[in-house]
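Let me begin by presenting the structure, written as structure tokens, before commenting on it.
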Amino acid sequence: MMQSELPLIDPLPVDDRLAAECRAKWGDMAWRTGEGPNNRAQQAVFQASRGLHHALGQYAGPWYHPKAIWNSTPAFAGKLLARFHHDPDGWRDRHFAISMESIFRLRRWVARTTGHRVGTPPTDRNAADLHFETVQKLRILSDRITCDFRAMERSWLEQDPEPENREWLPEGPWDLILTQFNCDWLAGADWLARIGRLPAESGLGRILTIMEHSALCVPMPTTTVVCRRPAAIHRDSEGQVHSMDGPAVDWRGLDDWFYFRGNPVPANTIEALRNPPPDISARIRTRTDGKLRRDLIAWRGEGRFVTEAGESVATDDYGTLYRVGLPGQREGMAIVKVLNATPEPDGSFKDYCLRVPPWVESPRQAVAWTFGLGQEEDYDPVHQT
Amino acid sequence: MPTCYRQGDILLILHDQPPGWVRTVPAPPRQTVAEGEVTGHAHVLEGDSVRVDETDQPEWIEVPGSARLVHEEHAPVDLGPGTYRVVRQREYTWDDAERAAAD
Numbered sequence: 001m002m003q004s005e006l007p008l009i010d011p012l013p014v015d016d017r018l019a020a021e022c023r024a025k026w027g028d029m030a031w032r033t034g035e036g037p038n039n040r041a042q043q044a045v046f047q048a049s050r051g052l053h054h055a056l057g058q059y060a061g062p063w064y065h066p067k068a069i070w071n072s073t074p075a076f077a078g079k080l081l082a083r084f085h086h087d088p089d090g091w092r093d094r095h096f097a098i099s100m101e102s103i104f105r106l107r108r109w110v111a112r113t114t115g116h117r118v119g120t121p122p123t124d125r126n127a128a129d130l131h132f133e134t135v136q137k138l139r140i141l142s143d144r145i146t147c148d149f150r151a152m153e154r155s156w157l158e159q160d161p162e163p164e165n166r167e168w169l170p171e172g173p174w175d176l177i178l179t180q181f182n183c184d185w186l187a188g189a190d191w192l193a194r195i196g197r198l199p200a201e202s203g204l205g206r207i208l209t210i211m212e213h214s215a216l217c218v219p220m221p222t223t224t225v226v227c228r229r230p231a232a233i234h235r236d237s238e239g240q241v242h243s244m245d246g247p248a249v250d251w252r253g254l255d256d257w258f259y260f261r262g263n264p265v266p267a268n269t270i271e272a273l274r275n276p277p278p279d280i281s282a283r284i285r286t287r288t289d290g291k292l293r294r295d296l297i298a299w300r301g302e303g304r305f306v307t308e309a310g311e312s313v314a315t316d317d318y319g320t321l322y323r324v325g326l327p328g329q330r331e332g333m334a335i336v337k338v339l340n341a342t343p344e345p346d347g348s349f350k351d352y353c354l355r356v357p358p359w360v361e362s363p364r365q366a367v368a369w370t371f372g373l374g375q376e377e378d379y380d381p382v383h384q385t
Numbered sequence: 386m387p388t389c390y391r392q393g394d395i396l397l398i399l400h401d402q403p404p405g406w407v408r409t410v411p412a413p414p415r416q417t418v419a420e421g422e423v424t425g426h427a428h429v430l431e432g433d434s435v436r437v438d439e440t441d442q443p444e445w446i447e448v449p450g451s452a453r454l455v456h457e458e459h460a461p462v463d464l465g466p467g468t469y470r471v472v473r474q475r476e477y478t479w480d481d482a483e484r485a486a487a488d
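If you read the protein sequences in the order shown, they are chains A and B. For the first sequence, the numbering used here begins at 1 and goes up steadily by one. For the second sequence, the numbering used here begins at 386 and goes up steadily by one.
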């Protein structure tokens, strides 16, 4: 049985080279796109799915016809699960928590024995840090699927006339939906498989095979729900999920996920950023999501944002000081706008903005601070260009 | 009030002498004081017998006679004899840390 696959053991020594291979494989796999139910993938998933159900075992019988059902998007997979839930003959498939429990055990086991060290081996710190960053960037995608499933679950329960059905699945297991974006523990599980701690013919070994071809895997007693990988995943130069030209994660037009520098946003936000309205800075200021607001301010430019959304509070011979308050943030932002001392070729003087601490009270004090001078009187250059 | 000279994002503050722990060495005729991070334009010190501390972008400069600080986008700054500390302009950041202001 599944539980016997996961004996409680002491932490295992980690082979750095092997761990690095596993990280690289599942890190790449997380961004893989386009693969669908072609013959090769279909065969592999079908075989693995059949093996998975035999490994689960206790539901085998004359009526037993294990199958893998491909979906085009995670949302479709969720709707399929809802159909299983409402199908009076599909009661067995409601209770996929048994395999979920095994997955949960695997994840805990991987974390306890090797997971954190597969992620951060002592002699390969750079690679481990890179892998950790990748995991962080991917978490927003796996969390999205979890949240979508949880929202769907709530809507099913609201529609369900039978109160007892509302207890059929606690919220927790949704965190255990397996997606291609869970490269952290998938790498750890693969490492266990490679050192012979997770037999390929075991249920969880089969799941690893399925995850090589699928974006998502929900193993149920008689059915494995799988999903095609997205058609495209766009990222910015820092590797965050991001696209200004359309959906950052494209599920072939059947579902569109829009992201701005790793932040999930609605489609109209991307449209507003492509054609900014005059009050774009004021609209950015009212955002309550701190990380998204910070990224939007960086996109607009801190100086431009504060001068557009804030107000000037002081002017002297050294420049103009601007301030803007931010909802939910005590300090707000301050900018000093100064003129370049050297004229441009056309005789004009270019201005530029510098962000300064919010406690400064005058442009001179602000400029003195930018040069590390404690007193504003200390800043009085005898010559500047 | 210290005497200081400014060229773009560089401030040179005149001191009597460098701190005791600073060891200066002869600088080449064209010594880069600060690289431009964005434009690639550098602040370069031109002068004879100038001494600087032993770092890629020196913080301490000793000028025995005269020297000139030049930059592609700024007018030159003439320096008289003395010891100068080089300060790069910084900005306030979200993490309340300080980062060098991009030139």
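We put the beta carbon where it would ideally sit given N, CA and C, even for glycine.
Under 9 angstroms from the C-beta of residue i: neighbouring residues of chain B
i, result
"Gln240/A", "Residues of chain B passing the Cβ test: none, with the nearest at roughly 16 angstroms."
"Glu377/A", "Met386"
"Arg294/A", "Trp479"
Residue i, enclosing alpha helix (DSSP H) - first and last residue
i, result
"Leu18/A", "16-30"
"Ile210/A", "203-211"
"Gln365/A", "363-370"
"Asp184/A", "183-194"
Buried versus exposed call for residue i [16 or more other C-beta atoms within 10 Å across all chains shown]
i, result
"Thr288/A", "exposed"
"Cys147/A", "exposed"
"Gly301/A", "exposed"
"Gly405/B", "exposed"
"Ser414/B", "Ser is not the amino acid found at residue 414/B; the sequence shown has Pro there. When all chains shown are included, Pro414/B counts as exposed."
"Gly205/A", "buried"
"Trp251/A", "buried"
"Gln136/A", "exposed"
"Val382/A", "exposed"
"Met211/A", "buried"
"Trp359/A", "exposed"
"Thr424/B", "exposed"
"Gly27/A", "buried"
"Val462/B", "buried"
"Ala267/A", "exposed"
"Gly246/A", "exposed"
"Arg330/A", "exposed"
"Pro264/A", "buried"
"Gly310/A", "buried"
"Gln43/A", "exposed"
"Arg391/B", "buried"
Own chain, CB closer than 7 angstroms to residue i, minus 5 neighbours either side, in chain order
i, result
"Tyr318/A", "Val338, Pro363, Arg364, Val367"
"Arg261/A", "Asp236, Gln240, His242, Asp295"
"Asp124/A", "For Asp124/A, the predicted structure reports a pLDDT of 43, less than 50, and the residue's modelled location is therefore unreliable. A value from the coordinates is still provided. Only Asp16, Ala20 meet the Cβ criterion."
"Gly172/A", "Per-residue confidence for Gly172/A stands at a pLDDT of 42, beneath the threshold of 50, marking its modelled position as unreliable; the derived number appears in the next sentence. Contacts found: none."
"Gln384/A", "Ala341"
"Glu571/B", "What is shown of chain B runs 386 to 488, which leaves residue 571/B out entirely."
The beta strand (DSSP E) enclosing residue i, as first and last residue numbers
i, result
"Asp351/A", "351-356"
"Arg229/A", "Looking at the DSSP string, Arg229/A is not in any beta strand (DSSP E), and its letter there is neither H nor E."
"Pro219/A", "216-219"
"Tyr322/A", "319-326"
"Gly332/A", "329-339"
"Asn71/A", "67-71"
"Leu396/B", "395-400"
"Gln180/A", "Taken as a continuous stretch (DSSP letters only), Gln180/A belongs to no beta strand (DSSP E), as it is neither H nor E."
"Arg391/B", "389-392"
Contact list for residue i against chain A, beta-carbon separation under 7 angstroms
i, result
"His459/B", "Thr342, Thr385"
Own chain partners of residue i with C-beta closer than 6 angstroms, once the 5 adjacent residues on each side are dropped
i, result
"Asn340/A", "Phe349, Lys350"
"Ile335/A", "Gly303, Val306, Tyr322, Cys353, Arg355"
"Pro403/B", "Trp445, Thr468"
"Ile398/B", "Pro387, Cys389, Arg470"
"Pro343/A", "Phe349"
Chain B contact residues for residue i, given Cβ-Cβ distances below 8 angstroms
i, result
"Pro381/A", "Cys389, Tyr390, Arg391, Leu396"
"Asp250/A", "Those do not exist, as Asp250/A stays about 31 angstroms from chain B at its closest Cβ, beyond 8 angstroms."
"Thr370/A", "Gln474, Arg475, Glu476, Ala486"
Cutoff 8 angstroms; reference residue i; Cβ partners in own chain excluding five residues on either side
i, result
"Gly465/B", "Val448, Ser451"
"Ala419/B", "Asp394, Ile395, Ala427, His428, Gln442, Val471, Arg473, Asp488"
"Thr269/A", "Phe258, Phe260"
"Asp378/A", "Ala368"
Closer than 9 angstroms at the beta carbon, the chain A residues around residue i
i, result
"Val462/B", "His383, Gln384, Thr385"
Complete runs of the beta strand (DSSP E) confined to the region 235-311 of chain A [at least 3 residues]: The beta strand (DSSP E) runs lying completely inside the region 235-311 of chain A and spanning 3 residues or more number zero.
Mind pulling the beta strand (DSSP E) runs of 3 or more residues that sit fully within the region 402-487 of chain B? Taking only runs of at least 3 residues, the beta strand (DSSP E) segments lying wholly in the region 402-487 of chain B are 409-411, 415-419, 428-432, 436-438, 445-448, 452-455, 462-464, 467-473, 475-477, 483-485.
Using a Cβ cut-off of 7 angstroms, which residues of the region 335-367 of chain A contact any Cβ in chain E, in chain order? This model lacks chain E altogether, as its protein chains are A and B.
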